[in-house]
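Participant: Residue numbers (this note's numbering), protein chains in the order written: chain A, 728 to 1177; chain B, 203 to 494.
Here is the structure:
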C-alpha cells in the first residue's frame, strides 16, 4: 500500500515491557486526549494518575521532521474513596479527560472519575527570583545585622518545572457513575453525564450545578435505558447530544427548556427484525458519540459498527462501517466472557474525512469516508519496529481461506482491546492506548490533513 | 487510505509506576484480563446439562472449559445460523438451547455480587432487558411457561441449582430427597420470594427492580423449592427462621440500583431483605475493622 520514507528521528524508548509480563492494573490507560493545538497529549489510567506528553518543537536542522512526544508532567488526579453510606468503593480510575482551550500561558484540563470532576492547572515555571534581602539562597533568614544594602530581587532562569495544581473540585453531584464530560464552546460551562443524569456546571462554581437531563424513572423497576455518552456541539453552545444503551441519540437544545428531557431530535435506526437476537440490544448500545469538527455530523460506536449521522437526518445513519463483523457469530461467547459489554471509543480526524476506532487483538481500524477504503492496523511491539511501516492486518473467518499474515477469528486475543484512541486536531498523528501502553503513530508521508 | 499511515514513527510509552505495584485485587481485573471461566451455580452446570441433552456423556473435566467453549461455539454458531434463516421456528432445538444458555448466563451475571464494588448500572440494565426479552419469548411460546407441567427449561435450571447445592453443606442434601416435581398449582405455593419483594417498592429509593421480577418469573416456573436448599450458612443465626434461607439472593439485588437518597434500607415489618442486608453490612464492616 505504500512506500517507506526515510525517517531519521530516533524512537522514543521508555523501556520495553515484555508482553507476557503481569500488567499492573493501575497502569491500564483509561482515557487519551489531545489538547486543542495537539501540542499536549494527556492520558489517564486506572490508578487515578494523569500523564501529560508534550510535543517537542520542530527541530530547525530538520524542518520536515516533527517532534516527538515526551513526558511533560505526571500527577495523581484522583484517589480511591470509600462511600461509607453505601459501603462501596469509589474507583480512582480516570474515566475522561477534556482540555480547556488555552487562554493564557497555563493549560487547564478537566479529569473525572466515577463521581468527582477536577479542574487542573498546568503551568510552567522557568524563572525564579533571586537576591532577596532578608533570605539567603537557601531560604534561611539572614542575620539582620549583615544586611547593609538593599537590592531588588531579579528573575533568573532555572530548569523548567511543570507545576500542576487542582483549581476546582466539582463533587457530590452524581449519584451514578460519570461516563462523559464535555466543555462547552462558550468556554465557561461544561457538562458531566452519568447513567441517568446530565449536569451543567460553570467552570468557576463548584458548589452547585444545574441538572439538564434526568431520565431516572419514578420507579427504578421501570428503568430500561441509561445514558452512555454525551457531548456539546462544537460550535453551538446551546446544543448537546447524548446517547443511550438502546442505541438512540438525542439532540437537545438548552434554549427550549431548563430541563432537557424532551429532545429536539431523536436519531434512531429502525431495527432489522430479521437480525434480531438475544444480543441485539446489547450490541446496539452506543459506547461513544463524537461531533465532527464541523458540527454537521455525529460519529457513534456500538459494539460491531461505527456510524456517521447527519444532524439533519434522524431516520437512519448516513454511513455505517463494520468494525469487526466477524464477531457477529461469536456473540454468545462474547456475552459469556463479558466482552460484549466493552465500550469502544471513536475519533474523527481533523478534516472529518477519516474515522478511527479500536477493536480486539490490539487492532484498530480507520475508515476513509471519501474513498470508502478502510484499513486494520495493529498496535504491538512485535509488529511495530521503530520507524517501520505499519502493516495492514486482516482477520479471516475461521476455516476460511487464509493468506499469509492473516489472523483467524479464533486466534484473536480478546484481552488486548483498544478502547481509547485519539486523533491530533490538525495533523495525522494518532494516539492509541493498548492496555498499559501508549502508541503514538504519525504519518510521515502525509503529515498535513487532507 | 493509500497515503495515510503507511510510514509511521512510533513512540511506545509504557504507562508504568516504575515498580510499585498497586494491585487492587479486584475480581473485575481478572474478568478483564482473562475470559471468565468461573465456577458458579449456573455456568458449569448448564454446560454439563447441555452435553447430556445432546446425548453425549456429561463431561466432568474441570479444565474442559476450552473444549466446551469450542463445542458451544460450534453449537451456537449453528443455532444462530438457523435463527437467522428461520425466525419463525422458535421451537428450534438450537434456538432453545441458546436461549437456555443465555438465560442462565444472564442470571449468573446478575447474581454475581462482589462486596464493596458498585455494579455498572448500564450492564445491569442490559442484562435485565435481555432477561425480560427471554421471558417474553418464553411466555409467547406458551409451552415453556405452563406451570402445571415441568418444562424442560425449568427442570434444567432447577436441577442445576440442586447439583450445585450438594457441594455446599451436608444439611442441605436433605432437600435432594424431596420429590423433584414442583408444586402443580399455578400460583407458587411457597411464596416467600414473591411476598418479600412486595413491600420493597414502598421503600424509598430502593427497588429490587428486575431481580425481583426475575425472581417472580422463576417462581412462576415453580422453582421455589430450590431456594430452600441453598446454603445460607453465612447468614444463618439462631434468630433467623429457616424460611429466610431463600433470601440469599437478596443482598445481590440491592446493589443494582444505587440508593439515591443515601438512606440505609431499614424497612419495617422485619423484611428479610433488610436483615440480610444488615448482616451483609455487618460482615463488611467487620472486615474493615479487622483489616485496619
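Glycine is no exception: its CB is placed at the ideal position from the N, C-alpha and C atoms.
#1: How many angstroms separate the CA atom of residue 487 (chain B) from the CA atom of residue 776 (chain A)?
#2: Does DSSP put residue 308 (chain B) in a helix, a strand or coil?
#3: Show which residues of chain B have a CB atom less than 9 Å away from the CB atom of residue 1088 (chain A).
#4: For residue 845 (chain A) and residue 895 (chain A), which I take to be in contact (beta-carbon distance under 8 Å), what is that distance rounded to the nearest angstrom?
#5: When we look at the beta-carbon of residue 841 (chain A) and count the other beta-carbons within 10 Å, is it buried (16 or more) or exposed?
#6: Just to confirm, are residue 771 (chain A) and residue 838 (chain A) a CB contact at a threshold of 8 Å?
#7: Between the region 907-924 of chain A and the region 940-954 of chain A, are three or more C-beta pairs nearer than 8 Å?
#8: Whose C-beta lies closer than 8 Å to the C-beta of residue 863 (chain A) among residues of the same chain, with five residues either side of it excluded?
#9: Could you tell me whether any Cβ in chain A is nearer than 8 Å to the Cβ of residue 306 (chain B)?
#10: Using a beta-carbon distance below 8 Å, is residue 323 (chain B) in contact with chain A?
#11: Starting from the C-beta of residue 255 (chain B), find all residues in its chain whose C-beta is less than 6 Å away, skip the five residues before and the five after it, and write them out in chain order.
#12: Residue 309 (chain B) versus chain A: which residues are under 7 Å apart at the beta carbon?
#13: When we look at the beta-carbon of residue 1074 (chain A) and count the other beta-carbons within 10 Å, is it buried (16 or more) or exposed?
#14: Kindly give me the distance between the Cβ atoms of residue 1089 (chain A) and residue 1143 (chain A), rounded to whole angstroms, as I take these residues to be in contact under 8 Å.
#15: Can you name the residues of chain B whose CB is closer than 8 Å to the CB of residue 1047 (chain A)?
#16: May I have the straight-line CA-CA distance separating residue 931 (chain A) from residue 1000 (chain A), to the nearest angstrom?
#17: Using a Cβ-Cβ distance cut-off of 8 Å, determine whether residue 276 (chain B) contacts chain A.
#18: If I measure Cβ to Cβ from residue 799 (chain A) and keep anything under 7 Å in the same chain, skipping five residues before and after, which residues do I get?
#19: Please state if the CB of residue 897 (chain A) and the CB of residue 928 (chain A) are separated by a distance shorter than 8 Å.
#20: Please name the residues in the region 850-866 of chain A whose beta-carbon is closer than 8 Å to at least one beta-carbon of chain B, in chain order.
#21: Measure the beta-carbon distance from residue 1079 (chain A) to residue 1019 (chain A) and round it to whole angstroms, keeping in mind my assumption that it falls under 8 Å.
#22: Against chain A, does residue 298 (chain B) count as a neighbour if the rule is that its beta carbon must be under 8 Å from one of theirs?
#23: Using 8 Å as the limit for Cβ to Cβ distance, is residue 753 (chain A) near chain B?
#24: Where does residue 343 (chain B) sit, in a helix, a strand or coil, going by DSSP?
#25: Report the partner residues of residue 770 (chain A) according to the DSSP bridge assignment.
#26: To the nearest angstrom, how far is it from the Cα of residue 876 (chain A) to the Cα of residue 834 (chain A)?
#27: Classify residue 806 (chain A) as helix, strand or coil using the three-state DSSP reduction.
#28: At a CB-CB cut-off below 8 Å, which residues of chain A make contact with residue 335 (chain B)?
#29: What does residue 838 (chain A) pair with, by DSSP beta-bridge criteria?
#30: Thinking residue 327 (chain B) and residue 1056 (chain A) are a contact (beta carbons under 8 Å), I'd like their distance in whole angstroms, please.
#31: For residue 242 (chain B), does the three-state DSSP call read helix, strand or coil?
#32: Less than 8 Å between the CB atoms is what I'm expecting for residue 968 (chain A) and residue 957 (chain A), so what's the real figure, rounded?
#33: Could you check whether the region 1040-1053 of chain A touches the region 1001-1019 of chain A, counting it as contact only if at least three pairs of C-beta atoms, one from each stretch, sit closer than 8 Å?
#34: If you draw a straight line from the C-alpha of residue 1068 (chain A) to the C-alpha of residue 854 (chain A), how long is it?
#35: From the beta carbon of residue 953 (chain A), is the nearest beta carbon of chain B less than 8 Å away?
#36: Under 7 Å: does the beta carbon of residue 1069 (chain A) sit that close to some heavy atom of the ligand MN?
Facilitator: According to the data block:
#1: Whole-angstrom Cα-Cα distance: 29 Å.
#2: Residue 308 (chain B) falls in the helix class under three-state DSSP.
#3: Going along chain B, no residue has its Cβ under 9 Å from residue 1088 (chain A), so there is no contact; the nearest lies around 14 Å.
#4: Right, their Cβ atoms sit about 7 Å apart.
#5: With 16 or more Cβ atoms within 10 Å of its Cβ, residue 841 (chain A) is classed as buried.
#6: The answer is yes: Cβ separation under 8 Å.
#7: Yes: the two stretches touch, three or more of their Cβ pairs being nearer than 8 Å.
#8: Contacts found: 869.
#9: Answer no: the Cβ-Cβ gap between residue 306 (chain B) and chain A never drops below 8 Å.
#10: So yes, residue 323 (chain B) belongs to the interface.
#11: Its pLDDT being 37, under 50, residue 255 (chain B) is placed unreliably by the model, and nothing is read from it.
#12: None at all; the shortest Cβ gap to chain A is about 13 Å.
#13: Counting every other CB atom within 10 Å of its CB across the protein chains shown gives residue 1074 (chain A) a total of 16 or more, marking it as buried.
#14: Contact between residue 1089 (chain A) and residue 1143 (chain A) holds, with the beta-carbon distance rounding to 4 Å and staying under 8 Å.
#15: Residues of chain B passing the Cβ test: none, with the nearest at roughly 18 Å.
#16: Distance from the CA atom of residue 931 (chain A) to the CA atom of residue 1000 (chain A), rounded to whole angstroms, is 49 Å.
#17: With a pLDDT of only 47 at residue 276 (chain B), under the threshold of 50, the placement of this residue in the model should not be trusted, and no figure is reported.
#18: Non-local C-beta neighbours of residue 799 (chain A) in its own chain, meaning closer than 7 Å and more than five positions away in sequence, comprise 767, 779, 780, 781 and 889, ordered along the chain.
#19: Yes, the Cβ-Cβ distance between residue 928 (chain A) and residue 897 (chain A) is below 8 Å.
#20: So the list is empty, because no residue satisfies the distance condition.
#21: At roughly 4 Å, the Cβ-Cβ gap stays under 8 Å, so residue 1079 (chain A) and residue 1019 (chain A) are in contact.
#22: No, residue 298 (chain B) does not count as interfacial toward chain A.
#23: Yes, residue 753 (chain A) lies at the interface with chain B (some Cβ there is under 8 Å from its Cβ).
#24: It is helical.
#25: Answer by DSSP bridge pairing, in chain order: A:759 and A:778.
#26: So the alpha carbons of these two residues sit roughly 40 Å apart.
#27: Residue state, collapsed to three classes: coil.
#28: Neighbours of residue 335 (chain B) on chain A, chain order: 1005 and 1008.
#29: DSSP lists A:824 and A:845 as partners of residue 838 (chain A).
#30: The beta carbons of residue 327 (chain B) and residue 1056 (chain A) sit about 25 Å from each other, so the pair does not count as a contact at 8 Å.
#31: Any reading at residue 242 (chain B) must be qualified, since the residue scores a pLDDT of 38, below 50, and its modelled position is unreliable; no value is offered.
#32: Between residue 957 (chain A) and residue 968 (chain A) the Cβ distance is about 7 Å, and since that is below 8 Å, they are a contact.
#33: They do not touch, by the three-pair rule.
#34: Rounded to whole angstroms, residue 1068 (chain A) to residue 854 (chain A) spans 50 Å at the Cα level.
#35: Yes, residue 953 (chain A) lies at the interface with chain B (some Cβ there is under 8 Å from its Cβ).
#36: Absence of the ligand MN is noted for the structure shown, with no ligands found whatsoever.
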